[in-house]
Amino acid sequence: MQKYSEFFKTLHDETVPTGYLGRGTHYSVFRAITFHNAVGDVLPEGKFWDFAVIWDEDHDVRVIEAIEVVYRHGLLASFLIFGERKGGFTAILADEVRGPERRRFLAARLASITENVDGDVWSACVTTLGSTDNSIINDASDKVDLYLTNLKMLWNLGVNSAIPGRKISNPYRYTASLREFAGYLKQHSRMFVRTGPAMLTPEATARQQLRIEELATAIESLAYNDRATYERFEVIRGELQKLGMSATNELVGSVARSFAEAS
Numbered sequence: 059m060q061k062y063s064e065f066f067k068t069l070h071d072e073t074v075p076t077g078y079l080g081r082g083t084h085y086s087v088f089r090a091i092t093f094h095n096a097v098g099d100v101l102p103e104g105k106f107w108d109f110a111v112i113w114d115e116d117h118d119v120r121v122i123e124a125i126e127v128v129y130r131h132g133l134l135a136s137f138l139i140f141g142e143r144k145g146g147f148t149a150i151l152a153d154e155v156r157g158p159e160r161r162r163f164l165a166a167r168l169a170s171i172t173e174n175v176d177g178d179v180w181s182a183c184v185t186t187l188g189s190t191d192n193s194i195i196n197d198a199s200d201k202v203d204l205y206l207t208n209l210k211m212l213w214n215l216g217v218n219s220a221i222p223g224r225k226i227s228n229p230y231r232y233t234a235s236l237r238e239f240a241g242y243l244k245q246h247s248r249m250f251v252r253t254g255p256a257m258l259t260p261e262a263t264a265r266q267q268l269r270i271e272e273l274a275t276a277i278e279s280l281a282y283n284d285r286a287t288y289e290r291f292e293v294i295r296g297e298l299q300k301l302g303m304s305a306t307n308e309l310v311g312s313v314a315r316s317f318a319e320a321s
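Quick note on this note's numbering: the sequence shown kicks off at 59 and runs consecutively.
Following this line, the structure appears as structure tokens:
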């Protein structure tokens, strides 16, 4: 099966149209490790999150780039299914996302993410299974809803429960220290140092905070990567320092010790 991303494992991959629904509709299923639940709370341990991508006839793999940004923002577990059709990016919410405030927040984040997808501007739509505004497939809404509902059931999309008793908690010596470091960054992402004579605009401040949170998620990903190195951690920490963001010496020392013990 094709590997689309360094972050996602391909579980199932259809590369050509299957059946007669929509315009060349087919799908792929992916697995990631998530550190947040559907409403954005930090989990005590990483969990598998399975999601699907709906392709149309052109099989535009740039949709994966947009989903990777969603993942780096810590928002992946809010969604079950993604798709792109005619320059429109659709994300179908997980069942647990019900509040209008959370939906507005996610819609705003996705709109920002799809402003530049490999040089193109995509519109973004956040919707739910069964919704009449779901444009992920160009066909009758009842047929589309049946297709997506069956897909969700067939692959048990969301938190994967097909591996009873298996946890992803602290598999490596550096897992705990990296997660603690990332948690500190996310908790204090608004407290970066501002330098220079001019204050940042609210828009620039929001962008910088988002970038800090992206880098924090990258550190979380290292926590469960068997190829993680302290050198890679230091590269990310250097990027954070350029943004005016740093953690305590105690946290940095804890990460360094954990990698030394793992070597």
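A virtual CB, placed ideally from N, CA and C, is assigned to each residue, including glycine.
Q: Starting from P75, follow the beta strand (DSSP E) in both directions and report where the run begins and ends.
A: Neither: P75 is in no beta strand (DSSP E) and is coded neither H nor E.
Q: Quick one: using the 10 Å Cβ neighbour count with 16 as the cut-off for buried, is S227 buried or exposed?
A: Because S227 carries a pLDDT of 46, less than 50, the predicted location of this residue cannot be relied on, and the following value inherits that uncertainty. S227 should be labelled exposed.
Q) Unbroken alpha helix (DSSP H) runs of length 4 or more, entirely within the region 91–141: which are they? A) 120–130
Q.
In this structure, how does DSSP classify R156 when only helix, strand and coil are distinguished?
A. coil
Q. Can you tell me whether DSSP reads D178 as helix, strand or coil?
A. strand
**Q.** With 16 other Cβ atoms within 10 Å as the buried cut-off, status of D108
**A.** buried
Q.
Starting from T204, trace the alpha helix (DSSP H) in both directions and tell me its first and last residue.
A. Note that residue 204 corresponds to Leu in the displayed sequence, not to Thr. Its alpha helix (DSSP H) spans residues S199 to W213.
Q: Within the same chain, show all residues whose beta-carbon is closer than 7 Å to that of E173, passing over the 5 residues directly before and after it, in chain order.
A: V179
Q: Return the residue from the list R269, K300 and N283 that minimises the CA-CA distance to E64.
A: N283
Q.
If you reduce the DSSP assignment to three classes, tell me which class A276 lands in.
A. helix
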